[in-house]
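In the UniProt record's numbering, the protein residues as written are 1 to 331. Yeah, the Cβ is synthetic: ideal placement off N, Cα and C, and Gly gets one too. All remarks here apply to the structure that follows.
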Amino acid sequence: MSQAVQITEWAPARWQDHVSLAQNARPKPAAGEVLIRFVLRPVLPYNVIELRGKLGPNQPLPYVPGTEGLAVVEEPAAGSSKFKQGQRVLPGPFALKRGSGSWQQFVALPEEDLLPVPDSVSDAAAAQLWVNPMTAVLMLDYLAVPEGEWLIQTAAGSVLGRILLALAKKRGIRTINVVRRSAAKAQLQSLGADEVIATDAEDIEQRVHQITGGKGAWGAVDAVAGDTTGKLVRSIRAGGTVLVYGILSSDTFTAPVLEGFGKFVHPFARPVHMSTWTREQQLAFCLKVIKLVEDGTIVLSAGKTFPLERFMEAVAASEEVGQDAKVLLKG
């Protein structure tokens with residue numbers, strides 16, 4: 001049998017009543033497929049959205065959440081020696097089908113959709129290798145911030161925020177890091193943040209104006225949405241772009257019209273951005289991200305770890321304030 005966190009109805013008002021740990025039949029791999037067993041996966045904000053039934057009624061049911069994770073080979077593909085039993089592997093960024101995610105034990109996938117995990121990458125890092133690192137790299141590539149220019153990011157103390165800070169430093173980009181609490185400033189400064197704005201005591205627009213000498217930042221990335229997006233629009237240069245990649249405060253955002261002329265606001269989703277890439281382009285990008293983990297540019301640590309059957313506790317833990325590592329589900 002295969003344990004799986006399973007959603008049986010899309011009902012946001014009563015979502016807890018429709019999420020449970022199910023016992024499903026172990027899948028039988030078809031020709032060319034590998035049976036893998038997930039051993040570790042992160043709890044991401046998107047997974048919480050999945051659990052709470054906010055994806056809408058057009059999704060398949062029953063639905064297993066989970067965007068990424070570390071697996072081991074349970075049964076290699078028949079007649080193939082590419083992977084060995086027990087070998088650590090990662091499904092590629094688009095390998096998992098919607099509704100059949102990583103919050104289950106066993107999945108059968110085509111052999112070509114799996115990547116081996118280098119020995120230099122820890123289990124905890126491998127489990128969260130795609131979503132946050134890829135999103136951070138893609139957003140920086142999209143904005144093309146020149147060396148020495150300013151980039152604003154909200155939710156800067158999050159795991160993705162810390163990754164983006166490290167990548168920006170490597171590229172010579174100066175960062176303005178927005179956090180909610182003054183208590184979070186010192187830790188980001190110790191990581192090399194050029195400027196940190198705490199919204200419990202400071203105004204984003206005023207501080208960015210001071211920091212940039214009235215010029216405005218080159219661009220911004222926003223995980224918060226709501227009114228914060230509008231503040232970022234007013235804080236960037238003419239011709240600048242705000243990428244909205246999260247909905248921590250609201251599933252909508254507001255932006256000024258008059259002050260926003262000549263500026264751009266784009267929702268940003270990694271899967272959409274990469275959807276037109278060839279398999280070769282996806283593989284090359286995966287290897288690029290793995291290299292950034294291997295050389296220490298991106299650091300991915302283990303946060304609190306829960307067994308799969310305690311997924312509700314893991315979700316609650318993932319929403320606690322002040323975390324510097326992702327909550328993980330094991331088993």
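Legend entry - Own chain, CB closer than 6 Å to L167, minus 5 neighbours either side, in chain order: Here the set comprises A136, L140.
Legend entry - Sequence-distant residues of its chain with Cβ nearer than 6 Å to W103 (five each side left out): The beta carbon of W103 lies closer than 6 Å to those of V5, V64, P65, G66 in the same chain, with the five residues before and after it left out.
Inset, instruction - Run through the stretch 10–80 for me and flag every whole alpha helix (DSSP H) of 4 or more residues, listed as ranges in chain order. - result: Counting whole runs of 4 or more residues, the stretch 10–80 contains the alpha helix (DSSP H) stretches 45–51.
Inset, instruction - Find the nearest neighbour of L160 within the set A325, I36, S250, R14, judged by alpha-carbon distance. - result: Looking at the Cα atoms, A325 is the closest of the given residues.
Inset, instruction - Tell me whether the beta-carbon of G53 lies closer than 8 Å to the beta-carbon of I7. - result: For G53 and I7, yes; Cβs fall inside 8 Å.
Legend entry - Nearest to L308 (by Cα), restricted to the options S250, A22, A217: When each option's Cα is compared against that of L308, the closest is A22.
Legend entry - Extent of the continuous beta strand (DSSP E) to which L151 belongs: Note, L151: beta strand (DSSP E), 150–153.
Inset, instruction - Leaving out five residues on either side along the sequence, give the residues of the same chain with a beta carbon under 7 Å from the beta carbon of V233. - result: Cβ neighbours of V233 beyond the five flanking positions: V242, A255, P256, E259, G260, K263, V265.
Legend entry - Proximity below 8 Å, CB of E74 to CB of L35: Yes, the Cβ-Cβ distance between E74 and L35 is below 8 Å.
Inset, instruction - Could you name the residues that DSSP lists as bridge partners for Q104? - result: Answer by DSSP bridge pairing, in chain order: A4.
Legend entry - Limits of the unbroken beta strand (DSSP E) element including D222: Here the beta strand (DSSP E) through D222 covers 217–222.
Inset, instruction - Go ahead and pull the three-state DSSP assignment for E294. - result: In this structure, E294 counts as helix in the three-state DSSP scheme.
Inset, instruction - Would you kindly work out how many angstroms separate the C-alpha atoms of L143 and H209, rounded to a whole number? - result: Their Cα atoms are separated by approximately 20 Å.
Legend entry - Straight-line Cα distance separating T229 from I49: Taking the CA atoms as reference points, I49 sits about 20 Å from T229.
Inset, instruction - In the DSSP assignment, find the unbroken beta strand (DSSP E) run with P133 in it and report its ends. - result: Per DSSP, P133 lies in no beta strand (DSSP E) segment; the continuous alpha helix (DSSP H) that holds it begins and ends at 131–143.
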